[in-house]
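The sequence shown begins at 191 in our numbering and counts up by one.
In this text, a Cβ means the ideal position worked out from N, Cα and C, and glycines have one as well.
This report refers to the structure that appears directly beneath it.
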Amino acid sequence: MKHKLTEQGLENFKNELDNLKNIERPRIIQAIADARAQGDLSENADYDVARNEQSRVEARIVELEEIVKNAVIIDSSNADNLGKQITIRIYKNAKQMKDLEFTFTLVSSNLESSMEPGAMKVSAEAPIGKAVLGARIGDEKFVKTEANSEQKIKIINIK
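Okay, structure coming up:
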């Protein structure tokens, strides 16, 4: 399966892959060797922890290699706001007492939006992402919410 990514998104995946292969994997191999040197493995918590961590890291390496191998770079300069920082106003409604402003970077996929937990990234596959894809400053759109209602937003800025 092809993965549409911005250049920055692909770079982030490559950096994570490099870190796992060249730093985490050797560290875990050493931790397993140290735990084995302690003797009996049947009751060795350090060994169990290291082996579990090794399984997690190896699975992530396989996943990242597949993503990098099948990446298709999207030119963010011509990609309907992908890779751009967008500020929207969410208009007040029955549940929300005042208008809110929210700034995020629009990324191509859920893969990219999950790369940096805490970073304000929204996938173009998400409802807000779909609404702002190709939008211009001043455009007003309606976004379907989880409660299956519509929320009015306005594009305030695009950088």
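| Item | Value |
| --- | --- |
| When the Cβ atoms of the region 338–345 are set against those of the region 276–285, are three or more pairs found closer than 8 angstroms? | yes |
| Going by other Cβ atoms of all chains shown within 10 Å of its Cβ, with 16 needed for buried, is Ile264 buried or exposed? | buried |
| With a 10 Å radius around its C-beta and 16 neighbouring C-beta atoms as the bar for buried, classify Lys259 as buried or exposed. | exposed |
| Return helix, strand or coil for Leu296, following the three-state DSSP convention. | strand |
| Do you know how far the Cα of Leu323 is from the Cα of Met310? | 16 angstroms |
| Do Lys211 and Ile257 have their CB atoms nearer than 8 angstroms? | no |
| Please report the distance separating the alpha-carbon of Thr196 from that of Glu315. | 14 angstroms |
| Answer with buried or exposed for Ala337, where buried requires no fewer than 16 other C-beta atoms within 10 angstroms of its C-beta. | exposed |
| Look at the alpha carbon of Ile348 and the alpha carbon of Gly328, and state the distance between them as a whole number of angstroms. | 10 angstroms |
| Identify every run of the beta strand (DSSP E) within the region 218–285, keeping only runs that are complete inside it and at least 3 residues long; order them along the chain. | 261–264, 275–280 |
| Within a Cβ cutoff of 6 angstroms, which residues of the same chain sit near Glu214, ignoring the five residues on either side of it in sequence? | Val247 |
| By the 10 Å Cβ neighbour count, where 16 or more other Cβ atoms means buried, how is Thr293 classified, buried or exposed? | exposed |
| Checking the sheet assignment: what are the DSSP bridge partners for Thr335? | BP columns for Thr335 are empty, so no partner. |
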